[in-house]
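See below for the structure under consideration.
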Amino acid sequence: MDTSLLINKLVECAKEIEGGHLNDADLLLEEIIAANESFSKATKSLVKYYAEALVRRLYRLYPRNLTPLIPSGTDRFPETDYPFAPFFCFGDFTTLDPARDALKGKRRVHIIEFGIVVSFWRYYGFFRDITTQSTGPISFRLTFVGPILSTVADHTQNTLERLHGEAERKNSLKPEHRCLRLRRQGGDREAGMVSLGGRGFEARERSGKVRREMGLDIVDSVLKLTRASEDETIVVKWKFQFHKLLTLTSAIEKQSPPVHRQSFVIALLLKMTTLLLNKLLDSAKAIEDGDLNLADSIFKEIKYLNDADTSTETRKLVRFYAEALVRRLYKLYPRNCTPLVPSTDSYYIRCWRFLPFVWFVEKSCHLSILDAVVGKKKVHLINFSNIEFHLLIRNLMRDIVKQVGSRLSFQVTNIRPKLSNNEDYLQEMDRELAAEAKTLRLTDFKLNHVFANTVAGVVESTLNLKRASEDEAIVVKWEFELHKLILLPGALQKVLSKLKDLRPEIMVIVEQEANHNNPDILDRVAQSFPYYSSVFESIEEDTIECNFENKISWEMDFRRQITNVVAREDIEHAERHETQAWWREQLHHLGFHPVRQWFNHSRGRLFSDTAQYVIEGKNGCPVLRRYDVPLVFASAWKPELVQSDGGSDNKENVGNPESISSCLELNDLSIIQNECEEEGDPTIMREGNMWSPECPSINEIAASSEIFDILESVCHVYKLPLALTWISDGRETAKNSEGKILLRVEETACYVNDLGASEFVEICAGFDLEEGQGVAGKALLSNIYFVPDVSELGPIDYPFVYEAWKFGLHGAVAIKLRSTYRSTVDYILEFFLPSKMREISEKQLLVNKILSTLQKNRRNSWIVCGIDLNVADAVSEVTAAEMSGITLMPNSGNSPSASNVD
Numbered sequence: 001m002d003t004s005l006l007i008n009k010l011v012e013c014a015k016e017i018e019g020g021h022l023n024d025a026d027l028l029l030e031e032i033i034a035a036n037e038s039f040s041k042a043t044k045s046l047v048k049y050y051a052e053a054l055v056r057r058l059y060r061l062y063p064r065n066l067t068p069l070i071p072s073g074t075d076r077f078p079e080t081d082y083p084f085a086p087f088f089c090f091g092d093f094t095t096l097d098p099a100r101d102a103l104k105g106k107r108r109v110h111i112i113e114f115g116i117v118v119s120f121w122r123y124y125g126f127f128r129d130i131t132t133q134s135t136g137p138i139s140f141r142l143t144f145v146g147p148i149l150s151t152v153a154d155h156t157q158n159t160l161e162r163l164h165g166e167a168e169r170k171n172s173l174k175p176e177h178r179c180l181r182l183r184r185q186g187g188d189r190e191a192g193m194v195s196l197g198g199r200g201f202e203a204r205e206r207s208g209k210v211r212r213e214m215g216l217d218i219v220d221s222v223l224k225l226t227r228a229s230e231d232e233t234i235v236v237k238w239k240f241q242f243h244k245l246l247t248l249t250s251a252i253e254k255q256s257p258p259v260h261r262q263s264f265v266i267a268l269l270l271k272m273t274t275l276l277l278n279k280l281l282d283s284a285k286a287i288e289d290g291d292l293n294l295a296d297s298i299f300k301e302i303k304y305l306n307d308a309d310t311s312t313e314t315r316k317l318v319r320f321y322a323e324a325l326v327r328r329l330y331k332l333y334p335r336n337c338t339p340l341v342p343s344t345d346s347y348y349i350r351c352w353r354f355l356p357f358v359w360f361v362e363k364s365c366h367l368s369i370l371d372a373v374v375g376k377k378k379v380h381l382i383n384f385s386n387i388e389f390h391l392l393i394r395n396l397m398r399d400i401v402k403q404v405g406s407r408l409s410f411q412v413t414n415i416r417p418k419l420s421n422n423e424d425y426l427q428e429m430d431r432e433l434a435a436e437a438k439t440l441r442l443t444d445f446k447l448n449h450v451f452a453n454t455v456a457g458v459v460e461s462t463l464n465l466k467r468a469s470e471d472e473a474i475v476v477k478w479e480f481e482l483h484k485l486i487l488l489p490g491a492l493q494k495v496l497s498k499l500k501d502l503r504p505e506i507m508v509i510v511e512q513e514a515n516h517n518n519p520d521i522l523d524r525v526a527q528s529f530p531y532y533s534s535v536f537e538s539i540e541e542d543t544i545e546c547n548f549e550n551k552i553s554w555e556m557d558f559r560r561q562i563t564n565v566v567a568r569e570d571i572e573h574a575e576r577h578e579t580q581a582w583w584r585e586q587l588h589h590l591g592f593h594p595v596r597q598w599f600n601h602s603r604g605r606l607f608s609d610t611a612q613y614v615i616e617g618k619n620g621c622p623v624l625r626r627y628d629v630p631l632v633f634a635s636a637w638k639p640e641l642v643q644s645d646g647g648s649d650n651k652e653n654v655g656n657p658e659s660i661s662s663c664l665e666l667n668d669l670s671i672i673q674n675e676c677e678e679e680g681d682p683t684i685m686r687e688g689n690m691w692s693p694e695c696p697s698i699n700e701i702a703a704s705s706e707i708f709d710i711l712e713s714v715c716h717v718y719k720l721p722l723a724l725t726w727i728s729d730g731r732e733t734a735k736n737s738e739g740k741i742l743l744r745v746e747e748t749a750c751y752v753n754d755l756g757a758s759e760f761v762e763i764c765a766g767f768d769l770e771e772g773q774g775v776a777g778k779a780l781l782s783n784i785y786f787v788p789d790v791s792e793l794g795p796i797d798y799p800f801v802y803e804a805w806k807f808g809l810h811g812a813v814a815i816k817l818r819s820t821y822r823s824t825v826d827y828i829l830e831f832f833l834p835s836k837m838r839e840i841s842e843k844q845l846l847v848n849k850i851l852s853t854l855q856k857n858r859r860n861s862w863i864v865c866g867i868d869l870n871v872a873d874a875v876s877e878v879t880a881a882e883m884s885g886i887t888l889m890p891n892s893g894n895s896p897s898a899s900n901v902d
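Going by the UniProt record's numbering, the first residue of the sequence shown is number 1, and it counts up by one from there.
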């Protein structure tokens, strides 16, 4: 019999056992045993072990110890016998050498190894090397987390004692002993520590209980680890142990009561996230109590924990919550309560809202609206929305035409916040909808946009709405906008009363299913953190129909939401969400009754490849859930029937659509006036509180927050594709081996306006620049540095030249800023100019405007280094001579592909 046939027999046997056909499985095992005799010794052993494993699975004959015990003779060394020598040697050779290089010159060293056995010979050589290469006394700690390998002899303890002896031999001082109490099955064990005066060696062993859930023991051991001091350098090694955490998710899910899947990927991340949330709550309480020194120390701890052992989504979420708390403390409120959306490409503007929420709007509302307007020839959709997704309107038009035929009059009034200074995307969508209306042969089609960036603007725009005629079917649709009226006294009642007077056929409301309206800031943080945790986990992990660029805009949107929920208390800009039950009570009280919603077709999976999302009914309303976390709900309403005299106010405007048009013109005019003032507006952000000079961790977060607001505004005013923030700390720890200062990208203070170039930020973030290297490195030395076209430089002058050419980035200027509260840190703002701008004179003029804007917005927080700019000349033509204060980097001519650079 061939080996492959033997394998097939084992597979068939496993299937029969799983199917409960034990007689057939027994016959197959007999065939396997008989055939196995003709094979080599190695194959015989392997087949026997697989057959044994299948029988153990059938009868649940599990050994007591997950890891096999090793010989207990005291003259044996486990590293020479166990585990498989090639694997063991590979693990040591590939981890110890990089660790040795990383620890060169370090004075306090702590190695944490998750393994099976401790190798005396490997650590003997390692300890010898780092003590030899050190120029002064060092402190060395070794923490080993591994299984118990013997019930008689303690090989790991013997190895640690031998290492103690080696540490003692390296120093003539008399050692001092103290003991550490460590858990072990059946009792405690003691492990000693040798403290050698200036040189120290400490070894700890943590042995997990011998039980099935070994991964939980590893998690518990990790959470007990501590950092001895801030200057301690920690190296973590996982040797054949990390995989034991992977099965922890399924193990916990099978427990009773079941643990929610969205709460963790593995238990380690769950506990770390919970720990970080508790730290955030502690910092919030310290801020509220006015104890800024305590808050600063907690933020410092949060940064360390967050950067060390968290997932990508948790790391971002914790940073945004820390930022929101600091914004709350210093009142660093961004100019726009709704984040500006990308202004360089209309495609990305349409997809800027979180895609699962957008599709839920379509799935939950579409059929209900169609059912409400059956037989109506004149439909007016009043859309309160910040979703720029015209396909929802297009699909609604198509399906209504299918119901009533081509003789349809369709009007859309969009009441929305101003999301971008670039109106090309609106014009493009208007053209597409107008073309669709022409294709559908509508008798009349109108599309109006009313911009309302404040709650007062929404109220005023609503009060100006009129019914065009009595036979008009009005549909009101709220998409994530109605909750903004909660805090302004009387706003919700006034708006809903006006809409009730319009007698809509249906009013659909889509809102986030969350309770973020508690006046207690600690409660709001605790309530909102799990909600946004599920959202950010979805952004990072779910394979929904999107790309990397969309995720950037979604993160910016929810980042601003977190700021509005946590930091803001003003009624115009604070973000407060309420649950479906709260909204139901309010709408009943204001004279609306629920309308049945047709959403049975969307029960189950929302996306074909994203099983995490489901739509299910709750109190007759569809609710979008990710696993067990409710995220969004939709409800449909209609005014209670009341006796009416025919609506004299409405008759006055029958057939007179100019009443709406005049309102629209007024709103559009006010927006245009505001835009004209933006370039000369000296207050990009609101004036905040004075910073505390004794809180470096808080001020670090505040500085990044202020810079992000500045970059967002500058990029939108001047339509820049991208802006990076480089940070340079002049301390010795921020220098390379040659003594040159290093610059790193601060990702939370970068802004992407052209989402097509968002990957460029990640590329730059993975590379540290030296002083004098790249545009930012040159600006570190000369304060301001301008390059007409970075894509024409060589890789030595500009390390990202190939990426810049790939993403169409050309002109760039870097400007050095220094915070008055962080005098040791330099911030280099690197702005990339519009790709279509090729004339140097145009670029010089734009650079002058950017410098002027920074000067006006620096307030008392920032110093723009090396510039004495006359603001009055900021909008005048400049020449090369007038730009003498700006250093020009000469092109080297070594472009990656000169023929392709237009």
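All residues carry an ideal CB built from backbone N, CA and C; glycine is no exception.
- The C-beta distance from Phe-384 to Glu-470 rounds to 23 Å, too long to fall under 8 Å, and the pair is not in contact.
- A residue is called buried once 16 or more other Cβ atoms fall within 10 Å of its Cβ, and Glu-37, having fewer, is exposed.
- Per the Cβ contact rule, the region 395-414 is in contact with the region 432-443 (3 or more Cβ pairs under 8 Å).
- DSSP places Gln-527 in the helix class (H, G or I) of the three-state scheme.
- Of all C-beta pairs linking the region 816-834 to the region 688-704, three or more are shorter than 8 Å, placing the two stretches in contact.
- Spatial neighbours of Glu-770 in its own chain (CB-CB distance under 7 Å, excluding positions within 5 residues in sequence) are listed in chain order as Asn-736, Lys-740, Leu-742 and Gly-777.
- With respect to the C-alpha of Trp-598, the residue from Glu-232, Gly-620, Ser-229 and Leu-465 having the closest C-alpha is Gly-620.
- The three-state reading of DSSP puts Thr-413 in strand, counting E and B together.
- For the pair of segments examined, the region 325-340 was found to touch the region 561-577: the number of CB pairs separated by less than 8 Å reaches three.
- His-110 is bridged by DSSP to Arg-141 and Ile-234.
- Check the Cα spacing between Tyr-718 and each of Thr-94, Phe-529 and Ile-850: the tightest is with Ile-850.
- Here Ala-35 really is in contact with Leu-6; their C-beta atoms are around 6 Å apart, less than 8 Å.
- Under DSSP, Pro-594 shares a beta bridge with Trp-637.
- From the listed residues Arg-327, Pro-594 and Glu-113, the smallest Cα separation to Phe-240 is found for Glu-113.
- By the CB criterion at 8 Å, Val-476 and Pro-504 fall inside the cutoff.
- In this structure, Pro-721 sits near Asn-753, with a CB-CB distance shorter than 8 Å.
- By the neighbour-count definition (other C-beta atoms within 10 Å, threshold 16), Gln-512 is a buried residue.
- Per DSSP, reduced to three states, the secondary structure at Cys-750 is coil, with no helix or strand assignment.
- Contiguous alpha helix (DSSP H) elements confined to the region 467-503 occur at 491-501, taking only those with 4 or more residues.
- For Asp-729, the enclosing beta strand (DSSP E) covers residues 722-729.
- The C-beta distance from Val-825 to Ser-728 rounds to 7 Å, short enough to fall under 8 Å.
- Where His-380 is concerned, the enclosing beta strand (DSSP E) starts and stops at 378-385.
- Following the DSSP letters along the chain, one finds Trp-359 inside the alpha helix (DSSP H) bounded by residues 355-372.
- Along the length of the region 779-833, whole beta strand (DSSP E) runs at least 3 residues long occupy 784-787, 812-819 and 822-832, reported in chain order.
- In chain order, Val-495 and Lys-498 place their CB closer than 6 Å to the CB of Thr-462, counting only its own chain and leaving out the 5 sequence neighbours on each side.
- Rounded to the nearest whole angstrom, the CA to CA distance from Ala-581 to His-483 is 14 Å.
- The alpha helix (DSSP H) runs lying completely inside the region 21-69 and spanning 4 residues or more are 22-36 and 41-59, given in chain order.
- For the set Ala-779, Val-775 and Ser-782, the Cα lying nearest the Cα of Gly-794 is the one of Val-775.
- Counting the other CB atoms within 10 Å of its CB gives Glu-706 a total of 16 or more, which places it among the buried residues.
- Under DSSP, Asp-444 takes part in a beta bridge, and its partners are Ser-409.
- Take Ile-111, set aside five residues on each side of it, and the residues of its chain with a beta-carbon closer than 6 Å to its own are Leu-142 and Val-235, in chain order.
- Nearest neighbour of Lys-466 by Cα position, chosen from Thr-413, Arg-524 and Leu-61, turns out to be Thr-413.
- Taken atom to atom, the span from the alpha-carbon of His-573 to that of Ala-452 is near 13 Å.
- For Glu-770, DSSP records a beta bridge to Leu-742.
- For Ile-506, the closest of Ile-382, Val-864, Tyr-50 and Lys-237 by C-alpha to C-alpha distance is Ile-382.
- The continuous beta strand (DSSP E) containing Leu-624 extends over residues 621-626.
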